[in-house]
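S.K.: For the sequence shown, the UniProt record's numbering begins at 1 and goes up steadily by one. Take this structure, written in structure tokens, and hold onto it; I'll ask about it next.
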Amino acid sequence: MSAFLSEFLVTDDTTILLGLIAATVFLLNNLYKAQPLVHPILLGRQSDVARVRNPGESAVYRNYSTGLMGRFPLRPAKDVHILADVLKPDSDAPRTLWSTKITNPQLQDRVAAFGTGLLRLAGLEVGESNVLLLLNDSIEFIIADLALASHSIPSFTLTASNLLSPVLESHPPSAIIIHASMLTQILELIYDAGEANRNHTIVVVGEPSTHAMASVASKVKVLKWADVEREGIRVEKIMSPVPKPGDVFTVSFFASESGHIQGAQLTHANLTAGVAAVRALLPLSHVFSQVDTIVSAHPMGTAFGRVIAYTALFEGTSFATLESSKLFHADDYTPQINVADALSSAAYPIPSPTIAFVKSGHLETLVDAILKEARKSFLLFPFAWRHKIAGISEGFITKESLWDRLVFDAARARVVGDGSAALRAVIVSPGPLSADTLTPARVALSVPIINCYSHPLVAGPVLASHALDLQDLSTGVSTPAHSGPPSINMEAKLVGVDDEPVENGADPVGILMVRGPSVGKLTSMETSYVSIPSGEDEGWMGTGVRAMVQTNGAFQLLG
């Protein structure tokens, strides 16, 4: 018997070598397989859910990191209470805002000078006047916003240029701040409305044309920005009482889906809560820092765009907005969302962007262009694609892989430029973003992509997916990607829910309602500071968006 077994146990060198190779491959496959960047348990429970719900409603959902009994973060730091506090007094490192390199002390000096000049030359009254900001995103917008807020003078902003005429008619401002190219257009609106005999004050950024100045009526006062700021430098600064966190600092006018014009009344407390929520979009291992450069596709006339800009100010980062964020133009030109616009810093002398707040159109065009370039490596691309997909399916993503160096780095550089290597996070809002877009985007950019939902009435994200949630939940059809759980200081629920399917275990579907410290108040077009009753108790605000809550607590917007 032993002789019989020995015949089968006889091995030669080839057999031993093949066995060692098989064992080595097995061990390498297990030891060096990409490990998920976040534990799957965290992705399986992204929201804390209340144990009870009202008939026709879902339960109340909170971000898992906050918990049902946790306190909402109200500010990014304990000493930040109002808008002016986002400029840290102990930080004097220079950063670039659009085309201007500036430190916090220099910015504070310009804010104080411009505020004093406005009170002296424009005749504004502390706590009584209001000013319409018709500025494209720029450092002048920041200076004007902070200056007005420091003297408790609310600003009016627009989320779209076609709202200008109705807002001027319903809310005549005490003064208007515009770019020089828009002076003729504003004067025409004033004259067409029959208000040429009413006193108007217009502050112009830049040098107005001779033709525009010649058409100024006798009761229209036109001041140059430089003269206003120079006046504030020349005299002693005017110090007004410090505003309270609950004071209104702006009203952002927007058009609802039905076409009605509404105003989002935002307080200092709304904005500081929004900054805290934006900072929480990135995990602790990827937090904002002074070496970052933030670019944004969201106009500062919107609540979300405003909060992104003030997050950059708080963090001390360089900041600029994309060309497509401009709302006001001297002609009929409309900026297009294209590859040249997305992540392009060529228009401003800022460092290469590291964090980008873009819209879904930017992401889609950018990804299509990068993958088109990558496919030109027709021999390596199939292998690179397969290995990148395998890593993402395991919950792992990196820009440092062999396949990035061989294929995707060059493709990104050809599309975005040499600064493509600096990008480390992309935040997409407001959507809709197709679930089929996410995996190709993660392959093409190889950075965390966060899908957010923002609303004109909320200063900050309403919903936001986890930065390291790499799950592919697409169903083969063009379904919207999930927008994650509520942000860290937001509660959410659905109303108009069909109770019977939910009782049988189905995911609830209904209209999304939210509340939290970053939610502003809705104002009517008739009166500036009277809240419109929502018909809902306990501070809930309807978004008008239909959504479904998945089993893991992530919300999926359905339209």
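Beta carbons are placed, not taken as given, at the ideal position from N, Cα and C, and that holds for glycine. Please read these numbers as outputs of a predicted model, since none were measured by experiment.
Given this structure, state the Cα-to-Cα distance separating V462 from R95, to the nearest angstrom.
M.R.: For the purposes of this step, residue 462 is identified with residue 462 of the sequence shown, where counting begins at 1. For the purposes of this step, residue 95 is identified with residue 95 of the sequence shown, where counting begins at 1. When rounded, the distance between both Cα atoms is 29 Å.
S.K.: Quick one: what's got a C-beta closer than 6 Å to R375's C-beta in the same chain, skipping five residues either side?
M.R.: Stepping through the sequence shown from its first residue, residue 375 is reached at position 375. Result list for R375: F381, in chain order.
S.K.: Mind checking who Q108 pairs with in its DSSP beta bridge?
M.R.: Translated into positions along the sequence shown, residue 108 becomes position 108. None, per the DSSP bridge assignment.
S.K.: Can you tell me where the beta strand (DSSP E) holding E257 begins and where it ends?
M.R.: Here the question's residue 257 lines up with position 257 in the sequence shown. E257 -> no beta strand (DSSP E), and no H or E assigned at all.
S.K.: Output the distance between the C-alpha atoms of A413 and V443, rounded to the nearest integer angstrom.
M.R.: Walking along the sequence shown from the start, residue 413 turns up at place 413. Walking along the sequence shown from the start, residue 443 turns up at place 443. Distance between the alpha carbons of A413 and V443 is about 15 Å.
S.K.: In the DSSP assignment, find the alpha helix (DSSP H) that holds G305 and state where it starts and stops.
M.R.: Translated into positions along the sequence shown, residue 305 becomes position 305. Start and end: 303 to 315.
S.K.: Please classify H268: does DSSP put it in a helix, a strand, or coil?
M.R.: Start at 1 with the first residue of the sequence shown, and residue 268 comes out as number 268. Three-state DSSP puts H268 in a helix.
S.K.: Does Q556 come out as helix, strand or coil in the three-state DSSP assignment?
M.R.: Within the sequence shown, residue 556 is the residue found at index 556, counting from 1. Looking at Q556 - three-state DSSP - the assignment turns out to be strand.
S.K.: State the DSSP-derived secondary structure class of D48, mapped to helix, strand or coil.
M.R.: One-based indexing of the sequence shown puts residue 48 at position 48. In this structure, D48 counts as strand in the three-state DSSP scheme.
S.K.: What is the rounded straight-line gap between the Cα of E536 and the Cα of S218?
M.R.: By 1-based counting over the sequence shown, the position of residue 536 is 536. By 1-based counting over the sequence shown, the position of residue 218 is 218. With a pLDDT of 49 at E536, under the threshold of 50, the modelled position of that residue is not reliable, and no figure is offered here.
S.K.: Going by the DSSP bridge assignment, what does T157 pair with across the sheet?
M.R.: Numbered from its first residue, the sequence shown carries residue 157 at position 157. The partner list for T157 (beta bridge, DSSP) reads S252.
S.K.: What residue does the alpha helix (DSSP H) around S393 start on, and which one ends it?
M.R.: Locating residue 393 in the sequence shown gives position 393, where the first residue counts as 1. Where S393 is concerned, the enclosing alpha helix (DSSP H) stretches over 381 to 393.
S.K.: Evaluate M239 with the Cβ neighbour count: other Cβ atoms within 10 Å of its Cβ, from every protein chain shown; 16 or more gives buried, anything less gives exposed.
M.R.: For the purposes of this step, residue 239 is taken as the residue at position 239 of the sequence shown. Looking at its Cβ environment, which holds fewer than 16 other Cβ atoms inside 10 Å, M239 is exposed.
S.K.: Is H548 helix, strand or coil when you go by DSSP?
M.R.: Sequence index remark: in the sequence shown, residue 548 carries index 548 (1-based). His is not the amino acid found at residue 548; the sequence shown has Met there. Note: M548 maps to strand in three-state DSSP.
S.K.: Please confirm if the region 114 to 123 is in contact with the region 280 to 288, defined as three or more CB-CB distances below 8 Å between the two stretches.
M.R.: Flag = no, the region 114 to 123 and the region 280 to 288 do not touch.
S.K.: So S170 and S129 are supposed to be a Cβ contact under 8 Å. How far apart are they, rounded?
M.R.: Here residue 170 is taken as the residue at index 170 of the sequence shown, counted from 1. Here residue 129 is taken as the residue at index 129 of the sequence shown, counted from 1. Wrong, their Cβ atoms sit about 17 Å apart, outside the cutoff.
S.K.: Any contact between the region 69 to 80 and the region 254 to 268? By contact I mean 3 or more CB pairs, one from each, below 8 Å.
M.R.: Not touching, per the Cβ criterion.
S.K.: Is V447 near A356, with beta carbons less than 7 Å apart?
M.R.: Sequence index remark: in the sequence shown, residue 447 carries index 447 (1-based). Sequence index remark: in the sequence shown, residue 356 carries index 356 (1-based). Going by C-beta atoms, V447 is not nearer than 7 Å to A356.
S.K.: Applying the criterion that 16 or more other CB atoms from any shown protein chain within 10 Å of the CB defines a buried residue, is H362 buried or exposed?
M.R.: Reading the sequence shown from its first residue, position 362 is the one you call residue 362. Classification of H362: buried, given that the 10 Å Cβ count is 16 or more.
S.K.: Any idea what DSSP makes of G19, helix, strand or coil?
M.R.: Translated into positions along the sequence shown, residue 19 becomes position 19. Helix.
S.K.: Less than 7 Å between the C-beta atoms of A303 and A264, yes or no?
M.R.: As a working note, residue 303 is residue 303 in the sequence shown. As a working note, residue 264 is residue 264 in the sequence shown. Yes, the pair counts as a contact, with Cβ atoms nearer than the cut-off.
S.K.: Quick test of the definition: if touching needs 3 or more C-beta pairs under 8 Å, does the region 422 to 429 touch the region 389 to 396?
M.R.: Touching, no.
S.K.: Can you give the Cα-Cα distance for M213 and I190, rounded to whole angstroms?
M.R.: On the sequence shown, position 213 is the one that residue 213 refers to. On the sequence shown, position 190 is the one that residue 190 refers to. Near 14 Å, if we compare the C-alpha coordinates of I190 and M213.
S.K.: Identify, in the order they occur along the chain, each residue of the same chain with its Cβ nearer than 8 Å to the Cβ of F396, setting aside the five sequence neighbours on each side.
M.R.: Along the sequence shown, read from residue 1 onward, the residue named residue 396 stands at position 396. Excluding residues within five positions, the ones whose Cβ falls inside 8 Å are A34, Q35, P36, L37, L470.
S.K.: Would you tell me roughly how many angstroms separate the C-alpha atoms of D368 and I177, rounded to the nearest one?
M.R.: Indexing the sequence shown from 1 puts residue 368 at position 368. Indexing the sequence shown from 1 puts residue 177 at position 177. Rounded to the nearest angstrom, the two C-alpha atoms are 39 Å apart.
S.K.: Secondary structure at L504, three-state DSSP: helix, strand or coil?
M.R.: Along the sequence shown, one-based indexing puts residue 504 at 504. Here the sequence assigns Asn to residue 504, which means Leu is not the residue at that position. N504: coil per DSSP, three-state reduction.
S.K.: For the alpha helix (DSSP H) holding Y191, just list the boundary residues, first then last.
M.R.: Taking the sequence shown and counting its residues from 1, one reaches residue 191 at position 191. Per DSSP, Y191 belongs to the alpha helix (DSSP H) from 183 to 192.
S.K.: Should P501 go down as buried or exposed, given a rule of 16 or more other Cβ atoms within 10 Å for buried?
M.R.: Position 501 of the sequence shown holds residue 501. It is exposed - the Cβ of P501 has fewer than 16 other Cβ atoms within 10 Å.
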